[in-house]
Amino acid sequence: MSKSKKPNEPLLFPEDPEDSTPELVDDTDENEAPVEHDHLPIQERHGPLTDLINFNFLQYASYVICERAIPNLADGLKPVQRRIMHALKEKDDGRFVKVANVVGHTMQYHPHGDASIGDALVNLTNKRYLIEGQGNFGNVFTGDRAAASRYIECRLTELARTELFNKDLTTFIPSYDGRNKEPITLPCKLPLMLMLGAEGIAVGLSTSILPHNFIELLEAQILIIQEKKKSPAVIDVLPDFQTGGIMDVSEYDKGFGKVKVRAKIEKKSNNKLVIKELPCVQNTESVISSIEDAVRRKKVQVRSIDDFTAGHVEIEITLSQGADQDKAIKALYAFTKCETSVSSRIIAIRDKRPVEMNTEQVLRENTRQLLDILFRELELRKHNLLEEFHTKTLVQIFVENRLYKLIEECKTYDAVVKAVFKGLEPFRPKLKRDVTKDDVEMLLGVRIKRISRFDIDKNRKDIEAILKELAEVEKNLKGLKAYAIKYIKALIKKYKRITPEPPRSTRSRPWTYENSRAMNSPSTLIWKRASWVTASRGKNS
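Residue 511 in the numbering used here sits at position 398 of the sequence shown; the count goes up by one each step and never skips.
Pasting the structure below:
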């Protein structure tokens with residue numbers, strides 16, 4: 114007798130295996146000839162399913178490349194970074210705002226995950242240039258993570274406010290749900306892609322752009338603008354990492370190849386070494402862990418490690434008694450993460466397509482864009498100044514010559530408009546353009562209170578100031594390159610304070626590579642943070 118199954122209990126095994134086997138029915142016609150597909154082209158042989166997969170894969174690959182992983186050459190930002198910056202600009206009033214609020218606002222433009230938006234925002238903040246943080250945003254030296262987004266705050270830096278945004282020069286598109294608008298790219302006047310660096314893995318390609326020195330990039334742009342066509346300048350900028358270190362660029366060529374970076378190790382006393390700077394992509398935890406591993410493999414003689422890192426890196430290494438400092442330094446470079454290498458390959462989105470470029474090509478494209486944006490800004494300013502001059506001049510003529518008296522006897526609105534047009538006719542040589550009906554309506558909207566208190570002398574001074582600025586704008590338009598150089602030099606002077614002291618974090622210096630001999634003397638390694646109490650060789654330290 115079979116065991117009865119309890120209600121709602123899953124049937125793990127069929128009670129009758131034969132009953133569970135589906136019946137196979139052969140519905141082929143014996144007289145039907147077999148279909149041969151070998152003579153067909155491969156596209157027709159595979160059928161519609163293959164075409165569907167090919168199309169969808171291409172769509173997915175294009176989306177990942179252009180909309181997620183690869184930065185755009187125009188503003189140097191990935192889409193999530195651009196949306197974060199746009200959200201911060203929308204909420205910008207000079208005060209700090211909760212990161213959680215910014216994350217939620219960013220999701221209005223695209224349904225990124227809140228964790229990915231938060232991580233991208235923290236990453237931008239730690240790079241110093243665009244976002245100013247308040248609270249615990251983690252530590253790039255120790256690898257400590259940032260606090261939860263509800264506890265930390267951020268706002269745009271002055272550099273971002275002035276160099277990234279201009280609504281009049283920005284093209285907007287509807288967001289994913291059509292409720293909001295987001296920029297295609299930002300009108301960026303900085304070589305932002307090389308400043309920030311970027312890493313992205315897309316479908317079939319990846320990019321690894323190393324960060325560069327802000328001031329050096331601006332100085333290189335000046336050289337590009339100044340160069341003559343017959344003898345173009347050779348532009349070669351080197352990476353600069355926030356964690357510092359010493360790099361060898363012998364295998365690096367304008368954004369291609371690899372850079373080898375070493376930690377900066379100093380001798381402190383007879384048996385102590387201090388790591389003051391880290392190689393890129395490493396933090397104190399990974400470096401200390403690699404030193405521990407080297408000691409276990411008897412590659413270096415170390416007694417203890419103390420990590421005093423806070424605002425700057427300071428890892429104190431106490432060597433075993435009798436250990437040679439120079440040999441220990443060589444061993445640290447040879448067997449630990451005190452020396453690393455990082456590869457570089459610049460791929461960016463240009464005109465909706467991924468392109469491979471070198472640093473010089475990127476800088477030249479950024480410089481061309483800078484000149485274009487400056488030209489458009491000057492043209493826009495010229496237009497606004499002309500309109501302001503036109504308006505103030507019309508009001509002055511209207512009040513000073515009492516043209517409002519002409520409309521006292523007019524009985525219809527059309528008659529009023531004609532009377533004002535006729536009254537302004539003798540003053541046309543003083544204007545920069547013809548008078549329109551909108552101008553007349555503006556004059557008719559001037560209140561009597563304003564007319565009675567109209568200060569003619571002040572208005573004339575305002576007009577003189579407008580004409581003076583207008584002449585300066587026209588001068589800059591004619592000498593656009595000189596204006597651009599002046600603009601870049603002003604940027605260097607104003608924002609040099611955000612660059613490290615000395616001006617470059619990572620120094621370039623070639624070195625020889627040696628295979629250090631393993632240290633045979635056994636040693637017990639104990640490492641500690643500054644406040645920890647530990648033991649070495651079984652004795653209290």
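Where a beta carbon is used, it is the ideal one built from N, C-alpha and C, also for glycine.
{"Asked": "Of the residues F448, T449, E478, N589, the one placed nearest I462, counting alpha carbons only", "Found": "E478"}
{"Asked": "F421 - DSSP class collapsed to helix/strand/coil", "Found": "coil"}
{"Asked": "Close-in-space but distant-in-sequence residues of the same chain around Y446 (CB under 7 Å, 5 per side omitted)", "Found": "R375, E452"}
{"Asked": "Contact under 7 Å by Cβ, A597 with L484", "Found": "yes"}
{"Asked": "Other residues of its chain near K371: CB distance less than 6 Å, five sequence neighbours each side excluded", "Found": "E364, S454, S456"}
{"Asked": "Terminal residues of the alpha helix (DSSP H) in which Q395 lies", "Found": "First-last for Q395: undefined, no H or E at that position."}
{"Asked": "Distance between A200 and H218 (C-alpha atoms, nearest Å)", "Found": "6 Å"}
{"Asked": "Neighbourhood of A532 by C-beta, 7 Å cutoff - its chain only, sequence neighbours within 5 removed", "Found": "L519, I520, C523"}
{"Asked": "Bridge partners - H325, DSSP secondary structure assignment", "Found": "P352"}
{"Asked": "Environment of P300 [buried if 16+ CB atoms lie within 10 Å]", "Found": "buried"}
{"Asked": "Three-state secondary structure (DSSP) of K412", "Found": "coil"}
{"Asked": "Given 8 Å, three or more beta-carbon pairs between the region 204-222 and the region 263-280", "Found": "yes"}
{"Asked": "Straight-line Cα distance separating Y173 from F285", "Found": "23 Å"}
{"Asked": "Inter-residue spacing [alpha-carbon to alpha-carbon] between M470 and T504", "Found": "49 Å"}
{"Asked": "Rounded C-alpha distance that separates I328 from T480", "Found": "14 Å"}
{"Asked": "Exposure label - N383; buried when at least 16 CB within 10 Å", "Found": "exposed"}
{"Asked": "Own chain, CB closer than 6 Å to G246, minus 5 neighbours either side, in chain order", "Found": "T238, C267"}
{"Asked": "Residue range of the unbroken alpha helix (DSSP H) whose run includes I731", "Found": "There is no way to answer for residue 731, as the model of the chain reaches only from 114 to 654."}
{"Asked": "Sheet register partners of A311 (DSSP bridge)", "Found": "I322"}
{"Asked": "DSSP-derived helix/strand/coil call for Q247", "Found": "strand"}
{"Asked": "C-alpha gap between N628 and D361, whole angstroms", "Found": "Bear in mind that a pLDDT of 46 at N628, under 50, signals an unreliable position, so the number given afterwards is only what the model happens to contain. So the alpha carbons of these two residues sit roughly 17 Å apart."}
{"Asked": "Buried versus exposed, by CB contacts within 10 Å (16 or more), F278", "Found": "buried"}
{"Asked": "Rounded straight-line distance, which links the Cα of A578 to that of F511", "Found": "20 Å"}
{"Asked": "Assigned exposure category for A441 - 16 Cβ within 10 Å defines buried", "Found": "buried"}
{"Asked": "Contact under 7 Å by Cβ, V415 with V408", "Found": "yes"}
{"Asked": "Residue span of the alpha helix (DSSP H) that contains S382, given as start and end", "Found": "Looking at the DSSP string, S382 is not in any alpha helix (DSSP H); the run it does join, the beta strand (DSSP E), is 377-382."}
{"Asked": "Terminal residues of the alpha helix (DSSP H) in which D439 lies", "Found": "438-448"}
{"Asked": "Cβ contact check for the region 495-509 and the region 542-556: 3 or more pairs under 8 Å", "Found": "yes"}
{"Asked": "Cβ-based burial, Y608 [other Cβ within 10 Å; buried from 16]", "Found": "buried"}
{"Asked": "D227 versus M220 - alpha carbon distance", "Found": "8 Å"}
{"Asked": "N167 classed as buried or exposed, judged by whether at least 16 other C-beta atoms fall within 10 angstroms", "Found": "exposed"}
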